[in-house]
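Chains as they are written, first to last, in the numbering used here: chain U, 329 to 763; chain G, 783 to 937.
Note that CB positions come from ideal geometry on N, CA and C, so glycine has one too.
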Amino acid sequence: MPVFKSLLLALAALASASAAAQVPEREPLTVVAVPPLPTPKNVETDGGATGVIGIQIAQQIATDLRSSASFLAIAPEKLRQYSPTEAGAPIYPNWADTGAGALVTGYVQARDDGRLTVACYLYDLKERREMTRKGFVVAATDWRRAAHNCADAFYSRVTGVPGHFDTRVAYVAETGPTSARVKRLAVMDLDGSGHRYLGQGEVTVLSPQFSPDGSRIAYMSFTGGTPHIRVHDLDSKKDRPLLPAVAMSFSPAFSPDGRWIAFSMAGEGNSDIYVIRADGGFPRRLTTAPGADTAPSFSPDGDKIVFESDRSGSQQLYVMDADGSNQRRISFGAAAYGTPAWSPRGDLIAFTRMGGSVMQIGVMSSSGRGERVITTGWQDEGPSWAPNGRFLLFQRKARGVGLSAIYTVPITGGEPRRLTTPQPASDPSWSGASE
Amino acid sequence: MMRAMLMILGLAMASAAEAQRRPPPPPIAPHMMSLPVLEADLRAKAGSNIVQFERDSYVLTPQAQLILDRQAAWLLANPWVRASIEGHADTRQTRDYALALAERRAAAARNFLLARGVPLQQLAIVSWGRERPVVEAAHEATWLQNSRVVTVLKQ
């Protein structure tokens, strides 16, 4: 992989040496040409004409790769067309003048059963060899997922890290005035397609969290007067309280195996962290300190939990074993810290940092070292990790504006990218990988 | 046109009703009063149905204690009215911490009322976190208005 990477153009480092010094982990950009995918025969399908789908797939692959901040994608409309037979055997000299180090080819073919065959290839234009290929049979209306899977394969081949383009996002859609805002659950693909609401918005809901397999969403609801955690099954649409609503419960987090949910429960002015089986049962108390212990997040091996507590007098981050033992503070910067999220790779903890009258997203090692702030907004908060541990989702609100939106940002820093949502959006939760 | 005529008719009937009610009405038993009337009475007698907090704090200020003292007296005088003590945090606090802090504020206010003799059965506490701000403001002075506990009457 490193050999391949070094063969490709490294633009980022050249573009700005000083920026590179501030964010040492930023990767070199791979310039990739993504011409339209050809079709052997233009056939009308449920998802449109195969010739058009080929253009759309190329556009989606280019958009995905561009959003990763690891690629500079040359758009389909700027590139020459080629034949389907050329997809698996590119004529390298034809692409020399694009300036690209890599080339994406492929084709779209209608099948007799109405579905599509989509193939995609990635070539190293300098070495003149194939890097990887993928083939899918998908429903004609699902061509976008094929495109995401192609982009995932290419991203993975170049960076050595699994892609995250074929993932979903759960979030809270917001409508109405500030003082009486309606908040309801919504899920969508990362690219904004496949959007749907869960529930009608008759109550306020908060903090949706995908189960690791993506089949359930734990969230907090104000229904019935006492705010409490509920679990929604996406397939059966069954929706049940996690535990009897005798006390306020909030801030749910699934364990990596999906069998447990850590959460906060409040009573008599004291919030503590508990853990309960995801299918119900009796909660077990993990913290006993007076004050606010909340926002738990499991380590990827399930052995530890990071959480926030104001037991020291201000909001700070703590790590404990999953049974509640060995509680120790890990944040010591000149600020307050909240909403920690443990990276799926285990190495980093993302958080909201409150200091200097701004709220921003940062990361630190799981031992609390190497704190780094990666966003520059006025109110950026609530980070949620991509399954590959390379990107974060977070919510952003501009100063003086009550409306939130969801953004992605690479943990190496860089310009956050706003996700497309029909309404103002908050509380994003990134699903695990689809495969 | 039709609507305008109906409105005039309606106004005429309203003023006729007003005239009929001109002699002072017999005193209405408090438990028959509507909630808005009761809440107006609470605000008038206690000074406010809202107490404010400092940032990150759940400590009742002297001003808050003064208001809660009078709220307690009002609740003791109106024992058939139940009250929901609803805590709020400001919008510059993170979501989960806001829920915990607002619950703590509501519990602090409720405990003060209990200490003044208001029966436990008359009081419930609710945390709204930062979900129901009164202002969405860019400056600390204004967003702190959201750090509050509201006494909401129920029947």
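Unbroken beta strand (DSSP E) stretches of 3 residues or longer found wholly inside the stretch 558-611 of chain U: 567-569, 576-582, 588-595, 598-605, given in chain order.
Looking at the DSSP output, residue 719 of chain U bridges to U/738. For residue 670 of chain U, the number of other beta carbons within 10 angstroms of its own is at least 16, and it is reported as buried. Boundaries around residue 856 of chain G are those of the alpha helix (DSSP H), 844-859, since no beta strand (DSSP E) includes it. DSSP places residue 476 of chain U within a helical segment (H, G or I) once states are collapsed to three. The Cβ atoms of residue 382 of chain U and residue 366 of chain U sit closer than 8 Å to each other. Chain U has a Cβ within less than 8 Å of the Cβ of residue 883 of chain G. Residue 403 of chain U places its beta carbon less than 8 Å from that of residue 390 of chain U. Relative to residue 446 of chain U, the option among U/582, U/452, U/461 whose CA is nearest is U/461. Against chain G, the CB of residue 620 of chain U has a partner CB under 8 Å away; the residue lies at that interface. Excluding the 5 residues flanking it on each side, residue 463 of chain U has same chain C-beta neighbours closer than 6 Å at 447, in chain order. Taking the beta carbon of residue 914 of chain G as reference, the chain U residues within 9 Å of it are 506, 507, 508, 509, 532, listed in sequence order. Residue 817 of chain G carries a helical assignment under DSSP once its states are collapsed to helix, strand and coil.
Within the stretch 883-925 of chain G, the runs of beta strand (DSSP E) at least 3 residues long that lie entirely inside it are, in chain order, 905-909. Just measuring C-alpha positions, the residue of U/592, U/569, U/693 sitting nearest residue 882 of chain G is U/592. Listed in chain order, the alpha helix (DSSP H) runs fully inside the stretch 426-456 of chain U amount to none, counting runs of at least 4 residues. Ranked by Cα distance from residue 910 of chain G, the first of G/872, G/925, G/831 is G/872. With a threshold of 16 other beta carbon atoms within 10 Å, residue 616 of chain U falls short and is exposed.
For residue 394 of chain U, no beta strand (DSSP E) run applies; the uninterrupted alpha helix (DSSP H) run containing it begins and ends at 378-395, by DSSP.
Per DSSP, residue 714 of chain U lies in no beta strand (DSSP E) and is assigned neither H nor E. By the Cβ criterion, the stretch 714-734 of chain U is in contact with the stretch 482-498 of chain U, since at least three pairs of Cβ atoms, one from each stretch, lie closer than 8 Å. Looking only at U/644, U/607, U/640, U/608, the smallest Cα-Cα distance to residue 624 of chain U is reached by U/644. When CB distances to chain G are screened at a threshold of 9 Å, the residues of the stretch 566-586 of chain U falling below it are 576, 578, 579, in chain order. With a threshold of 8 Å between beta carbons, residue 816 of chain G makes no contact with chain U. Contact with chain U is found for residue 874 of chain G, since one of that chain's Cβ atoms lies less than 8 Å from the residue's Cβ. Contacts with chain U at 8 Å (Cβ-Cβ) do not include residue 851 of chain G.
For residue 865 of chain G, the uninterrupted beta strand (DSSP E) segment begins and ends at 864-870. When Cβ-Cβ separations below 8 Å define contact, residue 703 of chain U makes no contact with chain G. In the same chain as residue 408 of chain U, and ignoring 5 residues on each side of it, the C-beta atoms closer than 8 Å to its own belong to 363, 422, in chain order.
Legend: CB atoms of the stretch 524-555 of chain U lying less than 9 Å from CB atoms of chain G belong to residues 532, 534, 535, 548, 550, 553, 554, 555. Residue range 412-415 is occupied by the alpha helix (DSSP H) that includes residue 415 of chain U. Residue state for residue 828 of chain G is assigned as helix, using DSSP reduced to three classes.
For residue 666 of chain U, the closest of U/672, U/646, U/684, U/484 by C-alpha to C-alpha distance is U/646. Look at residue 554 of chain U here: in three-state DSSP terms it is coil, with no helix or strand label.
Remark: C-beta atoms of residue 916 of chain G and residue 553 of chain U do not approach each other more closely than 8 Å. Residue pairing by DSSP places residue 615 of chain U in no beta bridge whatsoever.
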